[in-house]
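Have a look at the structure below, then the notes.
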Amino acid sequence: MPLPHKFDENEWFVIIGIIISYTIFFLLPKRFPINITILLMMFGSVVARFSDHLLAGPGVDLYNLMDTPNFELFDLILYLFYAPFSYFFVYFFEKFGIKGFGTLFYIIGCTLGGTMVEWLTKQFHVFNYNGWHLAYSFTVYLIIQTLTLFLYKWCQAPPVDN
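Numbering (the working numbering), first residue to last: 9 to 170.
Structural data, given as structure tokens:
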């Protein structure tokens with residue numbers, strides 16, 4: 009796997025972002041069993057990788073990650089950055105006991121937050137758009153965060169006897 013051509017602001021952004029997000033993750037009191045924690049963390053990374061493959065992969069190429077259109081080491085490391093965010097999303101949903109219409113407002117608020125984080129990553133050239141617009145990300149985050157809550161709720165549902 010190739011190393012970055014130049015170690016610059018986007019690599020530093022990813023490293024610092026990982027340090028901050030995992031520090032917060034480890035400092036928060038644990039709310040979920042380990043299997044749910046692992047599932048949420050993996051879901052965040054896998055959905056990010058899948059979305060990037062669909063939207064930034066060959067044939068579509070709406071944006072590039074990091075410095076080049078080719079997959080490099082920091083593209084892989086970037087997926088570690090995504091993992092805690094799906095965990096935080098569900099963590100605070102549970103911590104604040106959000107229910108009913110509050111769920112809709114929570115999803116919209118977190119979608120706005122995710123879009124702002126993406127704007128910040130764009131400033132550090134983690135994302136380099138080729139036809140993609142930040143406004144599109146709002147819709148993508150809205151769908152992904154809704155799916156994240158569906159997955160979490162499905163995991164919390166009691167088993168059905170057949």
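Glycine is no exception: its CB is placed at the ideal position from the N, C-alpha and C atoms.
Just so we're clear, the structure is a prediction, and the values are computed from it rather than from any experiment.
Taking the Cβ atom as the reference point for each residue, do tyrosine 95 and phenylalanine 146 lie within a distance shorter than 8 angstroms? Result no, Cβ atoms of tyrosine 95 and phenylalanine 146 do not sit closer than 8 angstroms.
Can you give, in chain order, each stretch of the alpha helix (DSSP H) that sits fully within the segment 105-145 and has at least 4 residues? Runs of the alpha helix (DSSP H) spanning 4 or more residues and lying entirely within the segment 105-145 occur at 109-131, in chain order.
With H, G and I counted as helix, E and B as strand and the rest as coil, what does DSSP make of leucine 70? Secondary structure of leucine 70 (DSSP, three-state): coil.
Could you say which of Asn78, Ile116 and Thr45 lies nearest to glycine 65 if we only look at CA atoms? The option with the nearest alpha carbon to glycine 65 is Asn78.
Quick check on leucine 84: buried or exposed, where buried means 16 or more other Cβ atoms within 10 Å of its Cβ? So leucine 84 counts as exposed.
Spatial distance of aspartate 75 from threonine 111 (CA atoms): Going by the C-alpha atoms only, they are around 37 angstroms apart.
If you run the structure through DSSP and keep just helix, strand and coil, what is proline 92? The answer is helix: DSSP assigns proline 92 an H, G or I state.
Local conformation of aspartate 169 per DSSP, three classes: Coil, per DSSP.
Taking the straight line between their C-alpha atoms, what separation do you get for histidine 13 and proline 166? Cα-Cα distance, rounded: 50 angstroms.
In angstroms, rounded to a whole number, what distance separates the CA positions of tyrosine 30 and tyrosine 90? One C-alpha to the other measures close to 10 angstroms.
Helix, strand or coil for phenylalanine 97 per DSSP? Three-state result, phenylalanine 97: helix.
State the Cα-Cα distance for the pair tryptophan 140 and leucine 48, rounded to the nearest angstrom. Cα-Cα distance, rounded: 27 angstroms.
Arginine 57 - containing alpha helix (DSSP H), residue span: In the DSSP assignment, arginine 57 falls within the alpha helix (DSSP H) that extends over 42-64.
Environment of isoleucine 115 [buried if 16+ CB atoms lie within 10 Å]: It counts as buried.
Three-pair Cβ contact test at 8 angstroms for the segment 122-132 versus the segment 48-64: Contact fails: fewer than three Cβ-Cβ distances are below 8 angstroms.
Under 8 angstroms between the Cβ atoms of cysteine 163 and isoleucine 44? The Cβ atoms of cysteine 163 and isoleucine 44 sit closer than 8 angstroms to each other.
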